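Colleague: Right, I'll just put the structure down here and ask away after.
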Amino acid sequence: MTRDDWQRVANPWRIVEAAVTDERARDAAVVRIIDTCLELQLVRRHDSVGYQPFSVTGNVPMPGSGRAIDQAMLAAERYRPESDWHRACGWLLDQLPKRQAAAMMLQAARVRPDRLGSSQWSVTAAQMVERQAMLLRDLGMADCVPTPFQSVDDLQKAAQRARKRLREWLADETHKQHLDEVSG
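Heads up: the sequence shown begins at 4 in the working numbering, then just goes up one per residue.
Encoded structure:
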């Protein structure tokens, strides 16, 4: 199968299993992991659990207070649509050195200026380095880079090291055991 064929496989676990022996599957798995990590950082960490537009100061009514528990809010807090795959990708992102993970996520979020109208992510590589503090903050990774990326090359090398670590990790047969522990 080609890398494109592997990217069309619906079940990410099948790709991860094949990644141990198939380099094209490994490349597709890295892309899938990075996309999921980007989703976790840009979308899922902002998911609202359905809080009401008023302050709820506690979920347990005090005796004699007459205050009822907001059952809808409690149900929303219990139901967080987080799959095993999301947990595993979040765990993988946490295993990477923070600076490398941040560089990889910056590159993944970037949209070339000619592809999208106006967006904070529609930047050249040089603009990404210039605006890294704001972009990292919006990724929720501002604390991951204690020293800023000095150049485009510095950023690219850090991101390459992160992707290389993911590939090496996926090629190691023990990865399945780690993912099973995290997702199980």
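By construction, the Cβ of each residue, glycine as well, lies at the ideal position given by its N, Cα and C atoms. Keep in mind the model is a prediction, meaning the values are calculated, not measured.
Identify every run of the alpha helix (DSSP H) within the segment 8–38, keeping only runs that are complete inside it and at least 4 residues long; order them along the chain.
Modeller: Complete alpha helix (DSSP H) runs here, min 4: 15–21.
Colleague: In angstroms with no decimal places, state the Cα-to-Cα distance between V23 and S186.
Modeller: Cα-Cα distance, rounded: 18 Å.
Colleague: Tell me whether R166, by its Cβ, gets closer than 8 Å to a heavy atom of the ligand SAM.
Modeller: Absence of the ligand SAM from the depicted structure is noted, as is the absence of any ligand whatsoever, leaving it without description.
Colleague: Answer yes if the segment 117–134 comes into contact with the segment 171–185, meaning at least three C-beta pairs across the two stretches below 8 Å, and no otherwise.
Modeller: They do not touch, by the three-pair rule.
Colleague: Quick one, are the C-beta atoms of L142 and A105 less than 9 Å apart?
Modeller: Yes, the Cβ-Cβ distance between L142 and A105 is below 9 Å.
Colleague: Looking only at DSSP bridge pairs, what is V114 linked to?
Modeller: Beta-bridge pairing links V114 to S125.
Colleague: Among the residues of its own chain, which have a CB less than 6 Å from the CB of H49, if the five just before and after it don't count?
Modeller: Annotation note: pLDDT 48 at H49 (below 50); position unreliable, no value reported.
Colleague: Please state whether DSSP places H178 in a helix, a strand or coil.
Modeller: Residue state, collapsed to three classes: helix.
Colleague: Using only the alpha-carbon positions, how far apart do P116 and Q130 sit?
Modeller: Spanning the two alpha carbons is a distance of roughly 10 Å.
Colleague: Would you identify the three-state DSSP class for G93, choosing helix, strand or coil?
Modeller: Helix at G93.
Colleague: In angstroms, rounded to a whole number, what distance separates the CA positions of W94 and S154?
Modeller: Computed Cα separation, rounded: 28 Å.
Colleague: Below 6 Å CB to CB, which residues in the same chain sit around Q110 once its five sequence neighbours on both sides are set aside?
Modeller: Cβ within range, chain order: A162.
Colleague: Helix or strand or just coil, what does DSSP make of R134?
Modeller: If DSSP states are grouped into helix, strand and coil, R134 belongs with coil.
Colleague: How is V148 classed by DSSP in three states: helix, strand or coil?
Modeller: The answer is coil: DSSP assigns V148 none of H, G, I, E or B.
Colleague: Helix, strand or coil for V185 per DSSP?
Modeller: Three-state DSSP puts V185 in a helix.
Colleague: Can you tell me whether P149 is buried or exposed, with buried defined as 16 or more other CB within 10 angstroms of its CB?
Modeller: That one is exposed.
Colleague: Can you find the residues in the same chain that come closer than 8 Å, C-beta to C-beta, to A128, ignoring five residues on each side of it along the sequence?
Modeller: Here the set comprises R113, V155, L158, Q159.
Colleague: Just to confirm my understanding: we take R29, look at its own chain, exclude 5 residues before and 5 after, and list those with CB closer than 7 Å. What are they?
Modeller: So the list reads A22, R170, L173, A174, once near-sequence residues are dropped.
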